[in-house]
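If you use my numbering, the sequence shown closes out at 670, no skipped numbers anywhere.
We put the beta carbon where it would ideally sit given N, CA and C, even for glycine.
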Amino acid sequence: MPVYPGAFHELFFGGPRSSDDLIAALADQAIFVTGDQLDDPVDAGEIPHVVDLVDDDRSLYVALDSLLHERWFTHRVTAAEIAASVLTVEPDLKPLMLLTDAPPFDRLEDGSPIAEVFTGESVDPNGSLLFPSGTLSAFRPGDLVGVGVGAGGLLIKAVNQPATPPAEWAALVLEAMASADGAGNDGPHDAAPVMLDDLIWRLCNDDVTAFVDPLLPLTELLDWWGLARFGDFVAPAGFDFQGWGVGHRLAELAGTYLLTDEQAVAVLAVKGVFLDLMRFVDERFAPGGGPANAEAADDLAADGSGAAGPPRLPAVPLELADPVVAEAVLWETIGEAVEEAVTLGALVESWEAVATRRVRPALAWLRGKSLERRGKILEAEAAFDESLSLEPSFDNALVDMARYAADRGDAQRAIALLERAGFDEQDPIMVQLRAYLPVDRVDLGRNDPCWCGSGRKYKHCHLGRAQLGPAERATWLYEKAVRFAHDAPYGELLLDLAMVRSEYLNELLTTRLLPAGESMAILGGVEHVPPHLLDRTLEVLGAQQNEVDPVELITILSARFSPPLVKTGKGELPAGKQEPVVQAGARRSPGTGRAEVHPGARRPGSGELR
Numbered sequence: 061m062p063v064y065p066g067a068f069h070e071l072f073f074g075g076p077r078s079s080d081d082l083i084a085a086l087a088d089q090a091i092f093v094t095g096d097q098l099d100d101p102v103d104a105g106e107i108p109h110v111v112d113l114v115d116d117d118r119s120l121y122v123a124l125d126s127l128l129h130e131r132w133f134t135h136r137v138t139a140a141e142i143a144a145s146v147l148t149v150e151p152d153l154k155p156l157m158l159l160t161d162a163p164p165f166d167r168l169e170d171g172s173p174i175a176e177v178f179t180g181e182s183v184d185p186n187g188s189l190l191f192p193s194g195t196l197s198a199f200r201p202g203d204l205v206g207v208g209v210g211a212g213g214l215l216i217k218a219v220n221q222p223a224t225p226p227a228e229w230a231a232l233v234l235e236a237m238a239s240a241d242g243a244g245n246d247g248p249h250d251a252a253p254v255m256l257d258d259l260i261w262r263l264c265n266d267d268v269t270a271f272v273d274p275l276l277p278l279t280e281l282l283d284w285w286g287l288a289r290f291g292d293f294v295a296p297a298g299f300d301f302q303g304w305g306v307g308h309r310l311a312e313l314a315g316t317y318l319l320t321d322e323q324a325v326a327v328l329a330v331k332g333v334f335l336d337l338m339r340f341v342d343e344r345f346a347p348g349g350g351p352a353n354a355e356a357a358d359d360l361a362a363d364g365s366g367a368a369g370p371p372r373l374p375a376v377p378l379e380l381a382d383p384v385v386a387e388a389v390l391w392e393t394i395g396e397a398v399e400e401a402v403t404l405g406a407l408v409e410s411w412e413a414v415a416t417r418r419v420r421p422a423l424a425w426l427r428g429k430s431l432e433r434r435g436k437i438l439e440a441e442a443a444f445d446e447s448l449s450l451e452p453s454f455d456n457a458l459v460d461m462a463r464y465a466a467d468r469g470d471a472q473r474a475i476a477l478l479e480r481a482g483f484d485e486q487d488p489i490m491v492q493l494r495a496y497l498p499v500d501r502v503d504l505g506r507n508d509p510c511w512c513g514s515g516r517k518y519k520h521c522h523l524g525r526a527q528l529g530p531a532e533r534a535t536w537l538y539e540k541a542v543r544f545a546h547d548a549p550y551g552e553l554l555l556d557l558a559m560v561r562s563e564y565l566n567e568l569l570t571t572r573l574l575p576a577g578e579s580m581a582i583l584g585g586v587e588h589v590p591p592h593l594l595d596r597t598l599e600v601l602g603a604q605q606n607e608v609d610p611v612e613l614i615t616i617l618s619a620r621f622s623p624p625l626v627k628t629g630k631g632e633l634p635a636g637k638q639e640p641v642v643q644a645g646a647r648r649s650p651g652t653g654r655a656e657v658h659p660g661a662r663r664p665g666s667g668e669l670r
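This is the structure in structure tokens:
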């Protein structure tokens, strides 16, 4: 999409821009976008190195490679880091991390590769930068290593005398925190925590001299500024991170799953119990520290040993009876995972023994999801059916039973179940299922002989018993396979595979975008541009309208359809020409330049022997 390079160009060379200013600058390039069309790709990280520093609810877009150019961040190396050629990211190098995801900052300026790693020798679980072996060999434990942003990659140097930050920076930090919070608090100590990297970027934006000279590590600067850190967040010393964290998490849950405050509290409580039980299951059934085995839930229920028992479970939250809450619990506990489903199954079965009837439909459904995730499909279906027997209108179970009916090829039952769950006829799933409803033949009367050749009347043979043909069943089977690949637990794997594939799909495309109100429309075709013709294509497209040669333009855009050239002794000819291309199975006669044909050599595209 043209907004990406255009937006990056404006921010890199023009500096930080507000949303309105950036939209206006893009319009000058004939790139017309809305605020949402800027926010969405930036929030998703789709424009490399560009972030949004929300300032009092107003977007401020920044190109980090421009903002951090020639700025330095320091870190005190340990003996383990020196030996393993790694540098811990949190918190000292955190402001640089969004750069290392894309070139040229996935390497040092001399071309040496850099990798962000989360496992391995001396690697911090929150992330470390891995450098080529020996990169840190000149350092000693406790030395300050400076990591800076150069034009063609990151830089590393020893820092012997770190600069002293200006005294006024302490006040500037608190002002930046209040600005980032944007909540109109009475004083800086009332400000909500802010992300550490966001705070540092703001300092660099407010002060062009910030971090140009290497300072002490951020770990030590935070103490100097009177700040406390909790994970990725910082706040004035003495701030109640625990209370804020719970409130922040509850608000996040309520917004993500559209829950009430009470429902969000219930989800968070269930997640806490789940995590406690998961730790017990891992310690009890996987002493080596690995994930719990697939039989752990059954073993836990039948455990008669004198070993310490599982943690005492609180009462089941009544809010769990709501299908929306049950869905949130599923994703907040096991998400896309498989092994963790063991623990969910153990928790649900423990609660089912004492639960009231009101929450048992939800518990049966969660048990079914645990079984399904562990590959016990028929047991899972029985659990979903049990959920419906307890509450015929439990939406989650209706949807899963509809999915199972569709998997068996029963579109009519699947539609009926989804209608009970409140699905609209225009819902894509309903439209797809209706396409596979068997239809009685309209070319036969009720008393006509049946089409199958049985000799019976149609009304006594196949009327009302129509079935899909092989072609329709094959198409439907493929569609179900595609849906299956997108569902948990394979959705994340699908994304990983897509990322692998995308590394080899660096295509150049050209199209014509036309303004359509507040959006843009593609009304014509999207054409591939051969890389070696990029310059000429841009030259032709950039010409004045009356100077564009339509024949030349279409010739360039059609170049990808031309046959490949085959090198011969007489030069290059398009593949497919009959002479003098030598086919497999042939060899040249010495001194003649002609090809002798061996038995089995065939004319391209035919079955004829040459």
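- Between residue 614 and residue 264, the alpha-carbon positions lie close to 48 Å from each other.
- With fewer than 16 other Cβ atoms from the protein chains shown falling within 10 Å of its own Cβ, residue 582 counts as exposed.
- The Cβ atoms of residue 378 and residue 341 lie no closer than 8 Å to each other.
- Cβ-Cβ distances below 7 Å link residue 223 to 273, 274, 275 in the same chain, with the five nearest sequence neighbours on each side left out; the list follows chain order.
- Looking at the DSSP output, residue 176 shares a beta bridge with 189.
- According to the DSSP assignment, residue 102 belongs to no beta strand (DSSP E) but to the alpha helix (DSSP H) extending over 95 to 103.
- Taking C-beta separations shorter than 6 Å and ignoring five residues to either side along the sequence, the partners of residue 217 in its chain run 206, following chain order.
- For residue 478 against residue 462, the beta-carbon gap comes to about 5 Å, under 8 Å, which counts as contact.
- Assignment of residue 208 by DSSP, reduced to helix, strand and coil, places it in the strand class.
- Straight through space, the alpha carbons of residue 465 and residue 539 are spaced by roughly 15 Å.
- Pairing residue 309 with residue 281 gives a Cβ-Cβ distance that is not under 8 Å.
- If you draw a straight line from the Cα of residue 617 to the Cα of residue 558, it is about 27 Å long.
- Across the set 128, 177, 140, the C-alpha of 128 shows the shortest separation from the C-alpha of residue 211.
- From the listed residues 103, 157, 298, 106, the smallest Cα separation to residue 125 is found for 157.
- By the neighbour-count criterion, in which a residue is buried when 16 or more other Cβ atoms sit within 10 angstroms of its Cβ, residue 97 is buried.
- Scanning its chain for C-beta atoms nearer than 6 Å, with the 5 sequence neighbours on each side dropped, one finds around residue 95 the residues 79, in chain order.
- Beta-bridge analysis with DSSP links residue 569 to 588.
- Secondary structure at residue 122: strand, using DSSP grouped into helix, strand and coil.
- Annotated three-state conformation of residue 374 is coil, per DSSP.
- Judged by DSSP in its simplified three-state form, residue 331 adopts helix.
- Rounded to the nearest whole angstrom, the C-alpha separation of residue 133 and residue 221 is 13 Å.
- With three or more CB-CB distances shorter than 8 Å, the region 431 to 448 counts as touching the region 390 to 405.
- Three or more beta-carbon pairs separated by less than 8 Å are not found between the region 166 to 173 and the region 291 to 305, which leaves the two stretches without contact.
- Distance from the CA atom of residue 545 to the CA atom of residue 382, rounded to whole angstroms, is 28 Å.
- With fewer than 16 other beta carbons inside 10 angstroms of its own, residue 73 counts as exposed.
- With respect to the C-alpha of residue 195, the residue from 553, 215, 444, 184 having the closest C-alpha is 215.
- Secondary structure note for residue 579: its beta strand (DSSP E) is the uninterrupted segment 579 to 582.
- Taking the CA atoms as reference points, residue 623 sits about 19 Å from residue 568.
- The Cβ atoms of residue 446 and residue 476 do not sit closer than 8 Å to each other.
- Taking 8 Å as the cut-off, the beta carbon of residue 405 is found closer than this to the beta carbon of residue 427.
- By the Cβ neighbour-count rule, residue 261 is buried, with 16 or more other Cβ atoms within 10 Å of its own.
- With 16 or more other CB atoms across the displayed protein chains lying within 10 angstroms of its CB, residue 389 is buried.
- Taking the C-beta atoms as reference points, residue 193 is found no nearer than 8 Å to residue 142.
- In the DSSP annotation of this structure, the continuous segment of the beta strand (DSSP E) that includes residue 133 starts and ends at 132 to 136.
- When DSSP states are grouped into helix, strand and coil, residue 108 belongs to the coil group.
- Annotated three-state conformation of residue 157 is coil, per DSSP.
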